[in-house]
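As structure tokens, this is what we get:
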């Protein structure tokens with residue numbers, strides 16, 4: 001019965017997750033057993049378990065089809081150091097597979113393969129596409145994690161954080177922030193720098209893209225995004241490259257080898273080509 005196969009796989013997954021949870025969270029000693037001792041792991045018992053470890057086990061239970069979560073937690077007993085070691089081994093494995101040479105080609109050095117490369121194409125901050133290519137296809141929880149990072153970036157921009165006109169501490173010659181004389185009037189006198197729009201990221205195999213309108217934000221917004229993506233790549237999901245701007249990304253998963261951005265309306269609801277035609281007509285009339 002084909003319809004029964006997925007449910008069988010899920011039940012098997014939940015059973016495996018239950019075994020993992022029991023190894024990480026040993027059951028407390030039943031009252032009246034006469035042992036007089038607590039059988040919980042003294043270092044990583046339920047009470048001492050870090051919250052992020054508990055979240056991982058909860059995600060493994062909520063998404064039993066995600067085998068990589070079970071791989072992260074398997075044989076760790078809930079030890080955070082062992083979980084992190086499993087995560088780093090998985091990232092190193094993904095990087096190694098992604099850097100395998102094509103037939104007749106040569107392999108890149110491991111250090112270069114692990115580095116997140118950054119490429120700037122033509123950039124229009126009011127109509128900006130940002131493209132990412134991962135070392136391996138991200139899972140659903142990893143996609144949600146990246147979406148949360150981008151949401152945080154957008155919220156900061158929406159609140160006017162990316163404003164280089166008021167970087168008093170960074171632009172000062174003080175060696176310490178202690179007792180710094182902050183000028184509150186600069187908060188009101190500087191021009192607004194507000195992020196306008198950002199759409200949800202789209203995923204296709206090992207590639208991802210998202211569109212945004214930076215509005216009056218300064219370019220420091222892009223610098224801070226790249227800083228965040230670099231550390232996200234090192235700690236969570238390996239990113240091979242980031243492309244800022246451009247109308248397409250060369251990707252193995254895309255038809256024809258290039259994942260192209262869809263045509264978007266111009267600032268007045270018209271297509272860009274139509275706006276260019278109107279502008280040319282006005283110039284001819286003048």
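Residue numbers (UniProt numbering): 1 to 286. Just so it is clear, CB atoms sit at the ideal spot from N, CA and C, and this is done for glycine as well. All of these numbers come straight from a predicted model, not from anything done at the bench.
Problem set entry | the stretch 201 to 211 in contact with the stretch 127 to 145 per 3-pair CB rule at 8 Å | yes
Exercise. For residue 233 versus residue 145, is the C-beta distance shorter than 7 Å?
Worked result: Locating residue 233 in the chain shown gives position 233, counting from the first residue. Locating residue 145 in the chain shown gives position 145, counting from the first residue. No.
Exercise. Is the CB-CB distance between residue 221 and residue 229 below 7 Å?
Worked result: For the purposes of this step, residue 221 is taken as residue 221 along the chain shown, with counting starting at 1. For the purposes of this step, residue 229 is taken as residue 229 along the chain shown, with counting starting at 1. No.
For this session: Reducing DSSP to helix, strand and coil, say where residue 221 ends up.
Result: In the chain shown, counting from the first residue as 1, residue 221 sits at position 221. Of the three classes helix, strand and coil, the one that applies to residue 221 here is helix, per DSSP.
For this session: Have a look at residue 148 and residue 257 and give me their C-alpha separation to the nearest angstrom.
Result: As a position in the chain shown, residue 148 is number 148, starting the count at 1. As a position in the chain shown, residue 257 is number 257, starting the count at 1. The alpha-carbon atoms of residue 148 and residue 257 are separated by roughly 29 Å.
For this session: Quickly, what does DSSP pair residue 248 with across the bridge? List them, please.
Result: Locating residue 248 in the chain shown gives position 248, where the first residue counts as 1. Partner(s): 260.
Problem set entry | Segment limits, beta strand (DSSP E) that includes residue 130 | Counting from 1 along the chain shown, the entry for residue 130 is found at position 130. Unbroken beta strand (DSSP E) run through residue 130: 128 to 134.
Exercise. Cα separation between residue 77 and residue 195?
Worked result: Taking the first residue of the chain shown as position 1, residue 77 is located at position 77. Taking the first residue of the chain shown as position 1, residue 195 is located at position 195. Whole-angstrom Cα-Cα distance: 44 Å.
Problem set entry | C-alpha gap between residue 218 and residue 201, whole angstroms | In the chain shown, counting from the first residue as 1, residue 218 sits at position 218. In the chain shown, counting from the first residue as 1, residue 201 sits at position 201. Approximately 22 Å, taken between the alpha carbons.
For this session: Please go through the same chain and pick out, in chain order, the residues whose beta-carbon is closer than 7 Å to the beta-carbon of residue 226, but skip the five residues on each side of it.
Result: Residue mapping note: residue 226 aligns to position 226 of the chain shown, counting from 1. Excluding residues within five positions, the ones whose Cβ falls inside 7 Å are 118, 242.
Exercise. Any idea if residue 57 is buried or exposed, counting beta-carbon neighbours within 10 angstroms, 16 or more meaning buried?
Worked result: Along the chain shown, read from residue 1 onward, the residue named residue 57 stands at position 57. Counting Cβ neighbours within 10 Å, residue 57 comes out buried, since at least 16 surround it.
Problem set entry | Endpoints, the beta strand (DSSP E) within which residue 298 is located | Since the first and last residues shown for the chain are 1 and 286, residue 298 lies out of range.
For this session: Below 7 Å CB to CB, which residues in the same chain sit around residue 166 once its five sequence neighbours on both sides are set aside?
Result: Indexing the chain shown from 1 puts residue 166 at position 166. Within the same chain, residue 166 has close Cβ partners 186, 187, 190.
For this session: Determine, using beta carbons only, whether residue 224 comes closer than 7 Å to chain C.
Result: Absent here is chain C; the protein component of the structure consists of one chain.
Exercise. Within 6 Å: the Cβ of residue 183 and any heavy atom of the ligand GTP?
Worked result: The ligand GTP is not among the ligands present in this structure, which contains no ligands whatsoever.
Exercise. Is the beta carbon of residue 216 sitting closer than 7 Å to the one on residue 192?
Worked result: The residue you call residue 216 lines up with position 216 of the chain shown. The residue you call residue 192 lines up with position 192 of the chain shown. Taking 7 Å as the Cβ cut-off, residue 216 and residue 192 qualify as a contacting pair.
Problem set entry | Uninterrupted beta strand (DSSP E) stretches inside the stretch 121 to 191 (no shorter than 3 residues) | 128 to 134
Exercise. Taking the alpha helix (DSSP H) that residue 115 falls in, what are its first and last residues?
Worked result: To locate residue 115, count along the chain shown from 1; it is residue 115. Looking at the DSSP string, residue 115 is not in any alpha helix (DSSP H), and its letter there is neither H nor E.
Exercise. Since residue 247 contacts residue 261 with CB under 8 Å, what's their CB separation in whole angstroms?
Worked result: The residue given as residue 247 occupies position 247 in the chain shown. The residue given as residue 261 occupies position 261 in the chain shown. Indeed they touch by this definition, with Cβ atoms about 5 Å apart.
Exercise. Would a C-beta distance cut-off of 7 Å place residue 86 and residue 69 closer than the cut-off?
Worked result: The residue you call residue 86 lines up with position 86 of the chain shown. The residue you call residue 69 lines up with position 69 of the chain shown. Not a contact, by the Cβ cut-off of 7 Å.
Exercise. Can you give the beta carbon distance from residue 129 to residue 211, rounded, assuming they're within the 8 Å contact cut?
Worked result: Looking up residue 129 in the chain shown gives position 129. Looking up residue 211 in the chain shown gives position 211. Confirmed, Cβ separation roughly 5 Å.
Exercise. Per DSSP, residue 242 is paired with what?
Worked result: Within the chain shown, the letter at position 242 stands for residue 242. BP columns for residue 242 point to 118, 132.
Problem set entry | Extent of the continuous beta strand (DSSP E) to which residue 210 belongs | Residue mapping note: residue 210 aligns to position 210 of the chain shown, counting from 1. Run containing residue 210: 207 to 213, per the beta strand (DSSP E) assignment.
Problem set entry | Contacting residues, own chain, Cβ-Cβ under 7 Å from residue 62 (five flanking each side not counted) | Looking up residue 62 in the chain shown gives position 62. Around residue 62: no qualifying Cβ.
Problem set entry | residue 65 - DSSP class collapsed to helix/strand/coil | Translated into positions along the chain shown, residue 65 becomes position 65. In the structure shown, residue 65 sits in coil (DSSP, three-state: anything other than H, G, I, E or B).
Problem set entry | Other residues of its chain near residue 183: CB distance less than 8 Å, five sequence neighbours each side excluded | As a working mapping, residue 183 is identified with position 183 in the chain shown. Within the same chain, residue 183 has close Cβ partners 168.
Exercise. What is the rounded straight-line gap between the Cα of residue 198 and the Cα of residue 264?
Worked result: Counted from its first residue, the chain shown places residue 198 at position 198. Counted from its first residue, the chain shown places residue 264 at position 264. One C-alpha to the other measures close to 13 Å.
For this session: Measuring alpha carbon to alpha carbon, tell me which of 245, 282, 281 ends up nearest residue 123.
Result: Your numbering for residue 123 matches position 123 in the chain shown. Here the closest residue by C-alpha is 245.
For this session: Report buried or exposed for residue 150, applying the criterion of at least 16 other Cβ atoms within 10 angstroms of its Cβ.
Result: For the purposes of this step, residue 150 is taken as the residue at position 150 of the chain shown. With 16 or more other Cβ atoms within 10 Å, it is buried.
Exercise. In chain order, what residues of the same chain have a beta carbon less than 6 Å from the beta carbon of residue 126, not counting five sequence neighbours either side?
Worked result: Position 126 of the chain shown, counting from 1, holds the residue named residue 126. Taken in chain order, the residues that qualify are 213.
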